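One structure below.
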Amino acid sequence: MAACCSLLILSGGCKKLALATGDQHALEQYFADNVLNRTFVVDFATDSSVDITSKYSGNNFILTKTTSYYDGNMTGTKDGMTYTGTWVSNSDYSKLVINLNSPSVPATFVFFNRVWKFTKKGVPVLQLAPWDSTDPKVLYMRRL
837 MAACCSLLIL SGGCKKLALA TGDQHALEQY FADNVLNRTF VVDFATDSSV
887 DITSKYSGNN FILTKTTSYY DGNMTGTKDG MTYTGTWVSN SDYSKLVINL
937 NSPSVPATFV FFNRVWKFTK KGVPVLQLAP WDSTDPKVLY MRRL
């Protein structure tokens with residue numbers, strides 16, 4: 837019994853160590869298990885330091901896994917209407933490019949269409965900010 841418990845503790849520790857050291861398979865699996873094909877909602881959003889979170893009340897977003905761990909389709913749902921587009925990430929999952937574009941997306945969804953950097957991937961909340969920019973935008977997405 838003690839050996840079994842030790843094995844469970846070590847396996848959890850190994851997974852954290854693999855993520856911390858950038859083990860590619862561990863990164864892919866973590867992203868697939870915790871982000872892809874999961875429903876997210878906006879927990880917090882600011883644009884030029886103005887809180888715009890309420891604009892996304894009741895909206896859902898899903899990054900879909902395809903045959904790749906680095907790109908796929910994305911959907912956003914608002915008022916029962918589904919909008920589609922794409923997402924792309926880099927190999928260390930520090931960057932996320934979102935492009936929702938079909939059918940013509942509501943003005944509020946244009947906020948998502950940019951290159952984001954992950955400032956924190958503390959699932960269930962993903963924290964994002966514009967990539968390589970001091971643009972005062974913040975986006976926190978919470979997994980349901």
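Taking my numbering, I'd label the letters of the sequence shown as residues 837 to 980. In this text, a Cβ means the ideal position worked out from N, Cα and C, and glycines have one as well. These numbers were taken from a predicted model, which means no experiment stands behind them.
Whole-Å CB distance - Ser-938 paired with Gly-958, under 8 Å assumed: Residue 938 sits at position 102 when you count from the first residue of the sequence shown. Residue 958 sits at position 122 when you count from the first residue of the sequence shown. That belief does not hold up - the Cβ atoms of Ser-938 and Gly-958 are roughly 31 Å apart, past 8 Å.
Asp-859 (DSSP reduced to helix, strand or coil): By 1-based counting over the sequence shown, the position of residue 859 is 23. Coil.
Cβ neighbour criterion (16 or more within 10 Å) applied to Lys-973: The sequence position of residue 973 within the sequence shown is 137, counting from 1. Burial call: buried.
Residues near Val-961 by beta carbon distance below 8 Å, same chain, minus five either side: Position 125 of the sequence shown, counting from 1, holds the residue named residue 961. Same-chain partners within the cutoff: Asp-879, Tyr-976, Met-977, Arg-978, Arg-979.
C-alpha gap between Lys-891 and Thr-903, whole angstroms: In the sequence shown, the residue the question calls residue 891 occupies position 55. In the sequence shown, the residue the question calls residue 903 occupies position 67. Their Cα atoms are separated by approximately 33 Å.
Three or more C-beta pairs below 8 Å linking the stretch 862 to 880 and the stretch 904 to 911: yes
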